[in-house]
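Single-structure report; data block below.
There are 2 protein chains.
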Amino acid sequence: MAPNKSPLAPESFPDFPVIPGVRYACGNSGMRYKGRDDVMLAEFDAGTTVAGVFTKNAMPGAPVDWGRKILPTGLARGLVVNAGIANVFTGAAGKKTVEDTATAAAQLLNASPEHIYIASTGVIGDPIPTEKITSLLPRLTEDLSADAGNSAANCILTTDTFAKGAVATAKIGNTDVTIAGFAKGSGMIAPDMATMLAFIFTDAAIPASILQQLLSDANERSFNCVTVDSDTSTSDTALLFATGRAQNVIPATNSDDSLAGFKRALLEVMTDLAQQVARDGEGASKFITVKVTGAESNPSAKTIALAIANSPLVKTAIAGEDANWGRIIMAVGKSGEKADRDKMSLKIGGILIAENGARASSYQEKDVMPHMTGKEIDIDVDVAVGDGRAFAWTCDLTHGYIEINADYRS
Amino acid sequence: MAPNKSPLAPESFPDFPVIPGVRYACGNSGMRYKGRDDVMLAEFDAGTTVAGVFTKNAMPGAPVDWGRKILPTGLARGLVVNAGIANVFTGAAGKKTVEDTATAAAQLLNASPEHIYIASTGVIGDPIPTEKITSLLPRLTEDLSADAGNSAANCILTTDTFAKGAVATAKIGNTDVTIAGFAKGSGMIAPDMATMLAFIFTDAAIPASILQQLLSDANERSFNCVTVDSDTSTSDTALLFATGRAQNVIPATNSDDSLAGFKRALLEVMTDLAQQVARDGEGASKFITVKVTGAESNPSAKTIALAIANSPLVKTAIAGEDANWGRIIMAVGKSGEKADRDKMSLKIGGILIAENGARASSYQEKDVMPHMTGKEIDIDVDVAVGDGRAFAWTCDLTHGYIEINADYRS
C-alpha cells in the first residue's frame, strides 16, 4: 500500500529525456516487494566514463565496497540496482552476491565485471538471494530501452512517497548536452531501509578524472547539504555516467571555460534531487532551508547549517509552527564552529528576529506567524566572524516520523 | 500542572543529608512560575573551595560567562539559581542582571561578588527582571537552613517530572566525608528551556585546583556521557562546592591515595544524577545504556557510544520495542570512528545478535523480545580495533517528545 505522497512533493515527475547511450529495464524479483518492480538494469555504450561518491559510513554495504574497488577504471558498461534488501553487514555472502551479479550482467552485456556497478537499498543484515536478481537479468537485457527512464526511477524506491527526477541542459563549447538523474531516499530514515541512491546520466563526453571532480564538487553543495535525521546510511551512493554520444569537444581540464555551463547544470540537477529527498523525509510537513553567512569558512558555515538542520528541538518547533528562535541560537552554539554571539543576527522568513546578540527591538512574533504556517521555511543566520556561507536543507520532525519508525513490530 | 512523573524515575528522592557548611533557602519570584518556588539561595562557609564545568555551546548565557570569569578565584560563598528564564542571548542587560544579583547576594552574605555563583534555566532570549530576584534575597538570607536541601532540589526545576538527587560517602584518610548533589534537566530538551544544572556539595577539605580536576574527570564519565537529543544547551553548568568542615587531612595532589574513595563516590553521585536526567528525557519510556568496547581509545569509544545514543533511528526503534540491530550498525558506522566492520559484534540485553560482521547464526529475534519490552535497554557493541571503552546513557524517542516540543503555540 503506497504511503500518501508528501505534501512537499513537486507537482510531477519531470519529462525524463532519452540520454543517448543509456538504456534501462525493470523487473520484479519478488525478494521483498510483491507486485512491483524492484530491480533495474541500465546499459551504457562502450566508452562511457563514470564518477562516483559513496557514503562515509564506516559500515558500508557490499555494493559500496565493490563500487569503490572498480571506480578507478573510470569506465562503466552497466548498472544493477535492487530495492528491498541493502546487502549490508552480510559478510562473505554479501560480497559474493555482488560479484556474481556483476559477472552475470557483464556476460549479458558483453562487458567486463569491473565495469558493472551495483547498488542496493533496503533492510540491513539480510543476505540477498542472488539468483532472484541474476535470473531476471536475461529478460531485462532484452527489454532495455532508451525511453524507460521514468520506470527506472520508480523501481528503485523503498519508502519514498514519490519518484525523484531532475533534468537540465547545457552547452560544452557549441554542443548541447543533457543531464538527467533520478534518486531515491527519504533522507536515510526509512524504517529498516538504507539509503540515498542517485544516478545521473549525460550524453556529454568528459574524461573520468574530470567527471569525478565535477561530481565531488557538486555533491558537496547538494547531497551533502541535505539531512533528514542525521543518520548517515551505510549505502549512500551517487553515480554519474557520461556516454560521450553528444560528441562535444572534450575538455582538457576541470577548469576549462567550456565546462562552466555543465557545472551549473549538474549542480542544479543534484541540488534539485537532494532537496526532493528532504521533501520526502518521513512525516515531513515543512521543507526547511537554512542559510548561514558570516562564518569563518564555507565548510564552517556548512557545519553550522547542518547543526541547525539536525537539531530535534529546532525541527519540532517548526513542526509546531513556532518561531522559536532561541533553539536556533542554541543550535548555532552547539555546532563547535566560531560564531560571534554578540554580533550575530537571525531572520526567519525574511523577518529580522535577533541582531547584535539580542532580540531585535523591531521584532513582533505576529509578523513571522504567516511564514511559520507555510510549507517552506527559511532560516537565515549570520554569525559575523568571516565570509563563509552555506546552505542546508531539511524537513521538520513530526509525529509522522515516530509513527513510521517506532510504531510497528518487526 | 505538573507533568506525569517519568516511568523511569527512581522510587524516591534520597534522604538529602546536612552538609556541614552549606545552607539553602527558596522563594517565589513570580517571574514565570506562579505558585511554586523558583529561586534558590545557598550560602557556604568562608573557605569553601569550588570547581565548575560549563557548557561548550558557543552561545553561553550570561550566568555561564560570569561563572567562567570568577572560577579562577577557587572560592565560593554563595549560589543563586533561578528557574523560568535562562538569561541567554540577552546582551548587556543580561550581564547586568548577573552582576547586580551577585552584588546583592554578596552584600547580604558579607562576601565579595566574585565569590557568588549564578545559574539560570528557562526560556532563551527573554531578559530577567532583576529585581524579582534581588528583592527576594533578604528574606532568603534569613531563611537559610542546613536542612533545606530537598526543597532546594525542587525549586530549580523547569519541565522535569521529578527532582534528582544523589548521595554518597567516602573516607579521606581516616575522615568520613559526605557528597550530596541535585540536578535538573530533561536532558536539554524542555520546550524553550535550557538546560542541565547540577550542584554538588561536600564537607571535604580539598584545594580548588585539585577539586577542579576531580570534577572535570568525573564529568567526562558522567554528564558528558548522557544525551537525550544531542541538543547541547546554552547554559549547562555543574558546580562542586567543598566546605572543608570535615577537617580531613588536605590532599597534596590529585593523585593522593587518600582521594581514591572520594573520586569513586563523586563519580557515583554524578553518574547517578546524569542517568536521572536521561530518565527524565521528554517522552522517555525506556532508559538505554550503550556500552562500547574494543575502540581505538576511550574517547573514540565515547564518540561511538554517543552516535548510537543520539541516532533517531535507533531511539525510535527502541521506542517501538524493535530489536533493529541494523540501525545500531549504521550508527556505529556514522560515528567517524575506527571500527572493524567484519570483526565487530553486538549484543542487546545480553543476547548475541551479530558477530564477525554478520548476523549471529544463533540469533533468533524471539530471544531478545522480552528484553525489548522492558524499561531498561542494554546495548553492547565491540568494534574490535583496540581497548577503548565507554558508556553512554539516553532514552528512547517517542510521540511524547514530539508532543512536548511541537504540539503547542508559543
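Protein sequence lines, in the order shown, are assigned to chains A and B. The first sequence maps to residues 1 to 410 in the UniProt record's numbering. The second sequence maps to residues 1 to 410 in the UniProt record's numbering. Don't be surprised by glycine CBs; every beta carbon is placed ideally from N, CA and C. Computed from a predicted structure; not experimentally measured.
- Counting along the chain, phenylalanine 262 of chain A sits inside the alpha helix (DSSP H) bounded by residues 260-279.
- For phenylalanine 54 of chain B, no chain A residue has a Cβ inside 7 Å of its Cβ, as the nearest lies near 12 Å away.
- Around aspartate 45 of chain A, no beta-carbon contact reaches into chain B at under 8 Å, the shortest distance being about 35 Å.
- For the segment 290-317 of chain A, the beta-carbon criterion of a distance under 9 Å to any beta-carbon of chain B is satisfied by Asn310, Ser311, Pro312, Leu313, Val314, Lys315, Thr316, Ala317.
- B:Gly91 is the residue among B:Gly320, B:Gly91, B:Asp143, B:Thr232 whose C-alpha sits nearest the C-alpha of asparagine 356 of chain A.
- According to the DSSP assignment, tyrosine 401 of chain B belongs to the alpha helix (DSSP H) that extends over 399-406.
- Within its own chain, the residues whose Cβ lies closer than 6 Å to the Cβ of glutamate 337 of chain A, once the five positions on either side in sequence are excluded, are Ser300, Thr303, Ile304, listed in chain order.
- In this structure, A:Thr243 is the residue among A:Ala204, A:Ser285, A:Thr243 with its C-alpha nearest to the C-alpha of leucine 75 of chain A.
- Distance between glutamine 276 of chain A and alanine 319 of chain A, taken at the CA atoms: about 18 Å.
- Put simply, of B:Gly400, B:Ala148, B:Ser311, B:Met31 the residue whose alpha carbon is nearest the alpha carbon of threonine 227 of chain B is B:Ser311.
- The DSSP assignment places 208-220 as complete runs of the alpha helix (DSSP H) inside the segment 155-224 of chain A, in order along the chain (cut-off: 4 residues).
- At least one CB atom of chain B sits nearer than 7 Å to the CB of threonine 232 of chain A.
- With its beta carbon at least 7 Å from every one in chain B, lysine 366 of chain A lies outside the interface.
- Here lysine 291 of chain B carries a strand assignment [DSSP, helix/strand/coil].
- Beyond the five residues adjoining it in sequence on each side, threonine 271 of chain A comes within less than 6 Å, by CB distance, of Ser222 in the same chain, given in chain order.
- Ranking B:Gly27, B:Ile351, B:Glu142, B:Ser235 by CA distance to the CA of proline 63 of chain B puts B:Ser235 first.
- Under the three-state reduction of DSSP output, valine 368 of chain A falls in the helix class.
- Considering only B:Leu108, B:Lys375, B:Gly122, B:Thr398, the residue with the shortest C-alpha distance to leucine 313 of chain B is B:Thr398.
- Around the beta carbon of arginine 279 of chain B, a 10 Å sphere encloses 16 or more other beta carbons of the protein chains shown; the residue is thus reported as buried.
- If you check each beta-carbon in the segment 78-90 of chain A against every beta-carbon of chain B, the ones closer than 9 Å belong to Ala86, Val88, Phe89, Thr90.
- Taken through DSSP and simplified to helix, strand or coil, valine 53 of chain A comes out as strand.
- The criterion of a C-beta distance shorter than 7 Å is not satisfied by valine 167 of chain B and isoleucine 118 of chain B.
- In the DSSP annotation of this structure, the continuous segment of the beta strand (DSSP E) that includes serine 120 of chain B starts and ends at 116-123.
- Following the DSSP letters along the chain, one finds asparagine 298 of chain A inside the alpha helix (DSSP H) bounded by residues 298-309.
- Segment contact: the segment 244-256 of chain A against the segment 201-212 of chain A, three or more CB-CB distances shorter than 8 Å; contact assigned.
- Contact of valine 123 of chain A with chain B by beta-carbon distance below 9 Å involves Gly326.
- Cβ-Cβ distances below 6 Å link lysine 56 of chain B to nothing in the same chain once the five nearest sequence neighbours on each side are left out.
- Alanine 317 of chain A sits buried, since 16 or more C-beta atoms from the chains shown fall within 10 Å of its C-beta.
- Residue-level contact by beta carbon holds for methionine 330 of chain B and chain A, with a gap shorter than 7 Å.
- With a cutoff of 7 Å on beta-carbon distance, leucine 157 of chain B and lysine 132 of chain B are scored as not near each other.
- Aspartate 380 of chain A: member of the beta strand (DSSP E) spanning 376-382, first to last residue.
- Note on geometry: alpha-carbon atoms of tryptophan 66 of chain B and isoleucine 116 of chain B lie some 10 Å from one another.
- Only those residues of the segment 8-34 of chain B whose C-beta falls short of 9 Å from the nearest C-beta of chain A would be listed, and there are none.
- Within the DSSP bridge table, the entry for asparagine 82 of chain B names B:Val39, B:Ser120 as partners.
- Taking C-alpha positions only, valine 98 of chain B is separated from asparagine 82 of chain B by approximately 11 Å.
- Between the alpha carbons of isoleucine 70 of chain A and serine 29 of chain A lies a distance of about 26 Å.
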